[in-house]
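Undergrad:
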Amino acid sequence: MELNLEGPVNDPESPPITLDEIVGKKTKFATGNEAMVWGALYAGCRVYAGYPITPATEIMEGMAKYLPLLDGLFLQMEDEIAAISTIISASWSGYRTMTATSGPGFSLMQENIGYAVMTETPCVIVDAMRSGPSTGQPTMPAQGDFNQARWGSHGDQTRLVLAPSTVQECFDVMISAFNYADKYRVPVIVLSDAALAHLREKLVLPEPNQVHIVPRPKVTIKKENYHPFRTGYSRASKVPEMDTWGDAYSTHLTGLTHDILGHPSTQNAKVHRDLVQRFYDKLLDHREDITIYEEYQTKDCDIMLVSYGITARSCKEAVDIARVAGKNVGLLKLITLWPFPKDVIRHYAKRVEKIVVVELAVGQLVHKVIEYVGGKCDVQLVNKIGGKLISPEDILEQQIPKKEMA
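Residue numbering for the sequence shown follows my numbering, beginning at 22 and increasing consecutively.
1) For the alpha helix (DSSP H) containing L355, name the first residue and the last one.
2) With burial defined as no fewer than 16 other Cβ atoms inside 10 Å of the residue's Cβ, what is the status of K320: buried or exposed?
3) Evaluate contact between the stretch 73–81 and the stretch 136–149, counting only Cβ atoms and requiring at least three cross-stretch pairs below 8 Å.
4) Should the stretch 368–384 be called in touch with the stretch 322–333, which here means at least 3 C-beta pairs below 8 Å?
5) Provide the residue span of the alpha helix (DSSP H) that contains T78, from first to last.
6) Can you tell me where the alpha helix (DSSP H) with Y393 in it begins and where it stops?
7) Suppose the cutoff is 6 Å on Cβ atoms and the five residues either side in sequence are ignored; what does the same chain contact list for W266 look like?
8) Determine the burial state of E228: buried for a count of at least 16 other Cβ atoms within 10 Å of its Cβ, exposed for fewer.
9) When we look at the beta-carbon of K5 and count the other beta-carbons within 10 Å, is it buried (16 or more) or exposed?
10) Identify whether Y72 lies in helix, strand or coil by the three-state DSSP scheme.
11) Relative to the C-alpha of G351, which candidate in Y369, G384, Y317 has its C-alpha closest?
12) Please name the residue, chosen from T140, G153, I43, that lies closest to A382 on a Cα-to-Cα basis.
13) Does the distance from the C-beta atom of L379 to that of V403 stay below 8 Å?
14) Taking Y63 as the reference, give the member of I391, R117, A216, D306 with the closest Cα.
15) Tell me the DSSP secondary structure of D100 in three-state form.
16) Does the count of Cβ pairs from the stretch 175–182 and the stretch 289–307 closer than 8 Å reach three?
17) Could you tell me which residues DSSP puts in a beta bridge with K181?
18) On the DSSP bridge list, what partners appear for N200?
19) Express the C-alpha separation of I134 and P238 in angstroms, rounding to a whole number.
20) What residue does the alpha helix (DSSP H) around M325 start on, and which one ends it?
21) Kindly list the residues whose CB is nearer than 6 Å to the CB of S255, restricted to its own chain and excluding five residues on each side of it in sequence; keep chain order.
22) Quick one: what's got a C-beta closer than 6 Å to N289's C-beta in the same chain, skipping five residues either side?
23) Just the Cα atoms here: how many angstroms apart are N230 and L40?
24) So, Y201 versus I311, is the Cβ gap smaller than 8 Å?
25) State the CB to CB distance for the pair V207 and V297, rounded to an integer number of angstroms; the pair is presumed to be in contact (CB under 8 Å).
26) Between the alpha carbons of R251 and I331, how many angstroms are there, rounded?
27) Would you kindly work out how many angstroms separate the C-alpha atoms of K243 and V209, rounded to a whole number?
28) Under a three-way DSSP split, which group does N404 fall into?
29) Which whole-angstrom value is the C-beta distance of G83 and V58, which I expect to be below 8 Å?
30) Near V260, which residues of its chain fall below 6 Å by C-beta distance, leaving aside the five closest residues on each side in sequence?
31) Specify the secondary structure class of D399 as computed by DSSP and reduced to three states.
32) Who are the near neighbours of Y314 in its chain, counting only those whose CB is closer than 8 Å to its CB and skipping five residues on each side?
33) Quick one: Cα of S271 to Cα of I391, how far?
34) Straight-line CA distance for V232 to Q189?
35) Just the Cα atoms here: how many angstroms apart are A56 and T278?
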């Protein structure tokens with residue numbers, strides 16, 4: 022205890038420590054979890070609340086190490102319910118906030134993620150997926166939380182869900198997650214998995230001042246004219262301006278259906294309809310801004326693989342192997358999962374002979390692809406469960422006869 026109190030963090034005479042000093046060398050050999058820590062810090066996250074759980078614990082450890090050096094706040098809570106509650110509260114104090122968990126903890130957070138949707142509270146939640154259900158296989162990768170990330174809470178709502186597939190993307194996606202959270206006043210979920218969380222790759226960090234930060238919409242009008250859930254004050258937007266607790270403004274927060282003052286209005290059908298529809302519109306009206314994907318060898322492909330996260334890596338290698346054998350195979354790698362990128366799926370459904378969905382689940386992503394293909398091409402599934410990754414050979418053996426690959 023005495024040594025801790027004598028340390029530079031608690032010494033008022035110590036010079037302030039900058040993020041640049043903490044980072045040191047900009048090129049690192051990092052894990053996905055470590056890259057997410059750096060991404061959060063670069064994005065300006067200064068409050069983290071969480072509870073340890075495999076395979077996301079290293080994110081918590083990294084934030085515990087670095088946040089105090091940056092005058093941030095790290096809190097280990099008694100459970101995941103307390104963690105999500107804390108970051109919602111801290112967000113209203115003006116901070117960029119986050120937590121990280123895995124399947125069981127993600128399940129516990131769902132009610133309050135719905136509360137964050139209803140109160141339009143910016144925050145970021147990382148779900149490092151593992152095999153389930155229940156406790157499942159704590160150290161094994163899976164992609165079984167695809168639907169939960171979208172539909173985990175009750176009621177009509179939409180969510181913004183992103184999924185990196187490389188260590189570098191773990192950093193980049195975290196920047197985007199915090200920017201989207203503030204820009205659209207929504208909780209943003211980032212889906213990782215046990216494999217991506219722990220694999221190591223080259224990570225190149227930029228100068229801290231080179232990262233583009235999108236601020237949340239601040240209040241710009243006089244106190245007497247302010248309605249906390251009214252939109253269109255300054256930029257014809259469906260995202261209301263957000264005050265900070267301690268400012269001169271007053272905001273009433275509730276999980277109940279509420280009017281533009283934030284006051285409960287549970288019997289008025291129009292108030293409820295307008296509120297919920299706006300939750301959808303503020304994201305769906307900006308699909309072009311929030312839809313991120315990558316195309317690989319798709320210009321002339323007859324067969325297109327569709328995947329995300331860790332499985333997209335195997336898909337890319339499968340494309341390379343197939344191309345050497347003279348097969349026109351391409352890859353559509355999804356980074357934005359929700360709102361679902363329906364337009365790009367519809368586009369390729371008109372061009373290719375077959376779409377092959379590759380996922381570490383019994384079949385979740387495949388159903389959304391089938392929905393938007395609309396029968397315009399064949400859709401097949403290559404999947405695996407049990408905690409083992411899908412290999413390029415698994416994909417090719419199911420889709421292309423061996424004699425054609427010779």
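Here a beta-carbon is modelled for each residue, glycine too, at the ideal position from N, C-alpha and C.
TA: On the basis of the data shown:
1) Where L355 is concerned, there is no enclosing alpha helix (DSSP H), although the beta strand (DSSP E) it sits in stretches over 350–355.
2) Exposed, by the Cβ-count rule.
3) yes
4) Under the Cβ criterion (8 Å, minimum of three pairs), the stretch 368–384 counts as touching the stretch 322–333.
5) In this chain, the alpha helix (DSSP H) harbouring T78 covers 78–87.
6) That run of the alpha helix (DSSP H) goes 386–394.
7) W113, S114
8) Taking all protein chains shown into account, E228 has fewer than 16 neighbouring C-beta atoms within 10 Å of its C-beta and is therefore exposed.
9) The structure shown does not extend to residue 5, since the chain is modelled only from 22 to 427, so the question has no answer here.
10) coil
11) Y317
12) Among T140, G153, I43, the Cα nearest to that of A382 is on G153.
13) Note on residue identity: the sequence assigns Val, not Leu, to residue 379. Yes, they are a contact pair.
14) R117
15) coil
16) yes
17) Reading off the sequence, residue 181 comes out as Leu, not Lys. DSSP, once it has assigned bridges, lists V209 as partnering L181.
18) For N200, which the question treats as bridged, DSSP gives no partner whatsoever.
19) Those two C-alpha atoms are separated by around 20 Å.
20) That residue, M325, is in no alpha helix (DSSP H); its beta strand (DSSP E) goes 324–329.
21) The predicted model places S255 with a pLDDT of 48, which falls under 50 and marks its position as unreliable; any figure quoted below should be read in that light. The answer, listed in chain order, is T241.
22) none
23) 10 Å
24) yes
25) That belief does not hold up - the Cβ atoms of V207 and V297 are roughly 14 Å apart, past 8 Å.
26) When rounded, the separation of the alpha-carbon atoms in R251 and I331 is 41 Å.
27) Looking at the two C-alpha atoms, the distance is approximately 30 Å.
28) Note: N404 maps to strand in three-state DSSP.
29) 3 Å
30) Y205, R206, P238, K303
31) Note: D399 maps to strand in three-state DSSP.
32) L353, K354, L355, I356, T357, P362, V365
33) When rounded, the distance between both Cα atoms is 47 Å.
34) Put simply, the backbone Cα of V232 is about 14 Å away from that of Q189.
35) 38 Å
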